[in-house]
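The numbers in UniProt numbering rise by one with no breaks, and the one at position 224 of the sequence shown is 224. C-beta atoms are modelled at their ideal positions from N, C-alpha and C, and glycine is treated no differently. Every value quoted in this text rests on a predicted model; they were computed, and no experiment measured them. Beneath this line is the structure, given in structure tokens, with notes to follow.
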Amino acid sequence: MMRKSVKPDIKIKINARQIRRMLLFILLILFVFNLAHFNLKADVRNSAVKENLKLISSYDFSSVSAVEKKLEAEGSSTAPVTVTRSGKENGLSKAKYRQIFDGCAVIGDSITEGLTTYGFLSDSQVFYKVGGSVMHGDAQFRSAAKTYPKVAFFTFGMNDMGNYRGSAENFVVRYETLLKEFHKTSPSTKLMINSISTPSAAARKKNKSLRNYRKFNSALRRMCRKMNLTYIDNNYILEENPKFYGSDGIHVSSGYYVMWLNNMILKAGL
């Protein structure tokens, strides 16, 4: 009689264990599906996918409760952020941009200044100079290089079109020299080159030197291919959104910076 009373208990324990395993498997499948769906929807880079897989591998799968706690913690602390080239963003505050660009540097002219003026990035992340030009950029490049950023984004050319009297060749020769010096000081930094933003038609009509922006951008592309650097094309932003132009047709409003920052994030894989 005693042996018969033990068998049902064993069966109950086995069924409970099977149920826990099934729940654990379902949770894992749902989590992986959601990650895959997010990665496809957000158009993120392979590095982001690898980070998600790394996150899964760190989980303790010994019990359902352990997985549930981990999923709950991740859901509350690292909500997915979707960044697209079009400028649409999911929950990106100015504080989030500063966080994403932590350890990075943006070097450039007065257009770059807007990143701090509008509060998107901190003063320690932006090295700008009103009238900034590679012709006189030695100190600016040196200061940024000495911070040893993980990624450095360069934005020059708007003033150089006039300074170099339309000579795109002389412009990139000087640019290349400064970039090599930067790399010598901070060899681990990933260098990214922003295009010259599109001046408005009215600005180009008023200032003939600005009409060379396409020629100068083509020279920047060639320089990037030669030096194996990433070229970031931002021209579509103002061409598709002329409402972002300032009164002079050169400087821009805050809406431009959202799209510009998003484009840099995507190109750099931040």
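Span separating the alpha-carbon of ASP233 from that of LYS205: 23 angstroms
Which stretch, first to last residue, makes up the alpha helix (DSSP H) that contains PHE171? 168-185
Does the distance from the C-beta atom of ALA145 to that of THR116 stay below 8 angstroms? no
Between the alpha carbons of LYS190 and ALA139, how many angstroms are there, rounded? 20 angstroms
First and last residue of the uninterrupted alpha helix (DSSP H) at PHE153: Run containing PHE153: none in the alpha helix (DSSP H); it sits in the beta strand (DSSP E), 151-155.
Report the three-state DSSP secondary structure of ILE265 (helix, strand or coil). helix
Go through its chain and collect everything with a Cβ distance to ASN194's Cβ below 7 angstroms, but skip five positions before and after it. PHE153, PHE154, THR155, ILE232 and ASN234
Measure the alpha-carbon distance for GLY103 versus MET22 and round it to whole angstroms. 43 angstroms
Report buried or exposed for PRO199, applying the criterion of at least 16 other Cβ atoms within 10 angstroms of its Cβ. buried
How big is the Cα-Cα spacing for ARG98 and PRO149? 14 angstroms
In the DSSP assignment, the beta strand (DSSP E) including THR230 goes from what residue to what residue? 230-232
Whole angstroms are fine: how far does the CA of THR230 sit from the CA of ARG45? Confidence is the limiting factor: at ARG45 the pLDDT is only 44, short of 50, which leaves the residue's position unreliable, though a coordinate-based value still follows. Their backbone Cα atoms lie some 15 angstroms apart in a straight line.
Restricting to Cα atoms, I'd like to know which of ASN241, ARG165 and PRO187 is closest to SER209. ARG165
Are the Cβ atoms of ILE250 and ALA201 separated by less than 8 angstroms? no
For VAL252, which residues in the same chain have their Cβ closer than 8 angstroms to its Cβ, ignoring the five residues on either side in sequence? ILE111, GLY114, SER197, LEU238, PHE244, TYR245 and GLY246
Is DSSP giving LEU238 helix, strand or coil here? helix
Proximal residues to ASN170 (C-beta, below 7 angstroms), its chain only, five neighbours per side dropped: TYR164
List the DSSP bridge partners of PHE127. ILE107
Run through DSSP, which three-state label would GLY91 get? Model confidence at GLY91 stands at a pLDDT of 43, short of 50, so the residue's coordinates are unreliable; what they give is reported in the following sentence. Correct three-state label for GLY91: coil.
Could you tell me the alpha carbon to alpha carbon distance between ARG211 and ILE26, rounded to whole angstroms? 60 angstroms
If you run the structure through DSSP and keep just helix, strand and coil, what is TYR257? helix
Alpha-carbon to alpha-carbon, ASP160 and GLY131: 9 angstroms
DSSP has TYR245 in a bridge; who is on the other side? VAL252
Could you give the residue range of the beta strand (DSSP E) that holds LEU191? 190-194
Which of helix, strand or coil does DSSP assign to ARG165? coil
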